[in-house]
Amino acid sequence: MALSHIAFLASPVPAAQEALEVLTAAHGQCPPYAADVIVALGGDGFMLQTLHETQGLGLPVYGMNRGTVGFLMNEYAAEGLAERLAAAEEAVINPLAMRAVDAEGKVTHALAINEVSLLRAGPQAAKLRILIDGKERMPELVCDGALLATPAGSTAYNYSAHGPILPIGADVLALTAMSAFRPRRWRGALIPKSAVVRFEVLEADKRPVRADADSRPVPDVVSVEIRSEPAVRHRILFDPGHGLEERLIVEQFV
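This is the structure in structure tokens:
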């Protein structure tokens, strides 16, 4: 893969800014609209931000970890970038599309690469009704929250909430509850990728709920619909042998 025109983007943390200075001195800097590839310097949060902000360009994004966990990133090294880009393997992921309606009837649309979550915003547990493709599957879930995660996001918030890790090629999404009170210890379900998942907030005035699409909040929601968005394709590059499939397997044995 010939990727000679590189756009470097970096998070504001000192380690990322130092890497930006080193790499642009060695390779130059190209604006994203004229680039062959984007190199993102930071952590997973910055990678998600970069994917969202550049999705209209259709460019592959190669991340180098200058953050903490770096699940979506490759290891950082100042040398050999051209060779690493040439040998990189590509993974394509689709985000979730969220349609959230708040208590005043305002509709918010957002995309989420990792997950869409609903979280209680007050002292009392949330009460959620869950419908799949228009059919009621759970009349009342009493919980601290619930989320729908993509395979790429299944090792993030979903995994912390004891949800399953999903292979990247799986045509399913993970629906996971946080601290479910009723039904007692309900951990969630696997949902077909083609399904439309709808959450309705019960007793919204008494038990307010916030929706988050990749940490972009929508307060006081009364309903949230989520579906996979196949029209949007995020292209992520990984060093050979260190792609998402391998990382998903490794995460299950640590």
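For the sequence shown, the numbering used here begins at 50 and goes up steadily by one. Glycine residues also receive a C-beta, built at the ideal position from the N, C-alpha and C atoms.
Helix, strand or coil for residue i? Go by DSSP, reduced to three states.
i: Ser-21; result: Past the edges of the chain, shown from 50 to 303, lies residue 21, and the structure says nothing about it.
i: Val-62; result: coil
i: His-158; result: strand
i: Phe-57; result: strand
i: Ile-298; result: helix
i: Arg-234; result: coil
i: Pro-241; result: strand
i: Leu-121; result: coil
i: Ala-229; result: coil
i: Ala-146; result: strand
i: Ala-68; result: helix
i: Ala-174; result: coil
i: Ala-74; result: helix
Given that a residue counts as buried once 16 or more other Cβ atoms are within 10 Å of its Cβ, and exposed if not, what is residue i?
i: Tyr-208; result: buried
i: Thr-117; result: exposed
i: Tyr-304; result: No answer is possible for residue 304: it lies beyond the span of the chain, which begins at 50 and ends at 303.
i: Pro-61; result: exposed
i: Asp-231; result: A small fix is needed here, since residue 231 is Arg in this sequence, not Asp. Exposed, by the Cβ-count rule.
i: Asp-254; result: exposed
i: Ile-240; result: buried
i: Asp-93; result: buried
i: Arg-133; result: buried
i: Asp-220; result: exposed
i: Ser-277; result: buried
i: Ala-319; result: Lying outside 50 to 303, the shown extent of the chain, residue 319 is not represented and no answer is given.
i: Tyr-206; result: buried
i: Arg-169; result: buried
i: His-283; result: buried
i: Arg-182; result: According to the sequence displayed, residue 182 carries Asp and not Arg. It is exposed - the Cβ of Asp-182 has fewer than 16 other Cβ atoms within 10 Å.
What first and last residue would you give for the alpha helix (DSSP H) that runs through residue i?
i: Leu-286; result: Here Leu-286 belongs to no alpha helix (DSSP H); instead the beta strand (DSSP E) covers 283 to 287.
i: Asn-207; result: 206 to 209
i: Arg-133; result: 130 to 136
According to DSSP, residue i sits in a beta bridge with which residue or residues?
i: Met-187; result: Ile-179
i: Asn-114; result: Gly-91
i: Val-270; result: Asp-151
i: Leu-224; result: Leu-197, Ala-238
i: Ala-307; result: One cannot answer for residue 307 here, as it falls past the ends of the chain, which runs 50 to 303.
Output the boundary residues of the beta strand (DSSP E) element that contains residue i.
i: Leu-215; result: Here Leu-215 belongs to no beta strand (DSSP E), and DSSP marks it neither H nor E.
i: Ser-166; result: 164 to 169
i: Glu-249; result: 246 to 251
i: Arg-259; result: 258 to 262
i: Ala-198; result: 194 to 198
Could you tell me whether the Cβ of residue i comes closer than 8 angstroms to any Cβ of chain B?
i: Gly-107; result: Although the question refers to chain B, the structure presented lacks it and comprises just one protein chain.
So within the stretch 83 to 110, which uninterrupted beta strand (DSSP E) runs reach at least 3 residues, ignoring any that extend past its ends? Complete beta strand (DSSP E) runs here, min 3: 86 to 91.
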